[in-house]
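Visitor: Take this structure, written in structure tokens, and hold onto it; I'll ask about it next.
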Amino acid sequence: MAALSALVSGCGRLFQGLLAGPAATSCARPLARGFREVVEIQEGKTTIIEGRITATPQESLNPPNPSGQCPICRWNLKHKYGYEDVLLLSQFIRPHGGMLPRRITGLCQEEHLKIEECVKMAHRAGT
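For what it's worth, numbering that gives the first Met the number 0 labels the leading residue of the sequence shown as 0, then goes sequentially.
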């Protein structure tokens, strides 16, 4: 009986949070696009590395090659990434580890094949 009442009270809190809206819940989502800076803090023998959301810069971020066919070409990253660049590669994979299709990522065929090979190499390397 106690387990049933705990389940009901937990469900009640869940429904209250959903009905109150995202602003009232404790897990309200931050802004979708935020610029982050990496801060490294030394405290004795421990090193704390954290990312802090910073203000958006005043100048707009325009790609250096706006006529590029895909995001990699637009930002001139054509030969500047490898299998160890997990932050870049993670943008092109599904949660279970497979590659997203080209129609979703917007990559050209050449870069899609390079990213796909880098993802396979990263999986094999364990990164």
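Don't be surprised by glycine CBs; every beta carbon is placed ideally from N, CA and C.
Please read all numbers here as calculations on a predicted model, not as lab measurements.
According to DSSP, is Glu36 part of a helix, a strand, or is it coil?
Guide: Strand.
Visitor: Does DSSP put Arg93 in a helix, a strand or coil?
Guide: Reduced to three states, the DSSP call for Arg93 is coil.
Visitor: Given Ile47, which residues of its chain have a CB within under 7 Å of its CB, disregarding the five upstream and five downstream residues?
Guide: Contacts found: Ile40.
Visitor: Under a Cβ-count criterion, where at least 16 other Cβ atoms within 10 Å of its own Cβ denotes burial, should Ala54 be classed as buried or exposed?
Guide: That one is exposed.
Visitor: Taking Cβ to Cβ, would you say Leu86 is nearer than 8 Å to Ala121?
Guide: It is not a contact, given that the beta carbons lie outside the stated cut-off.
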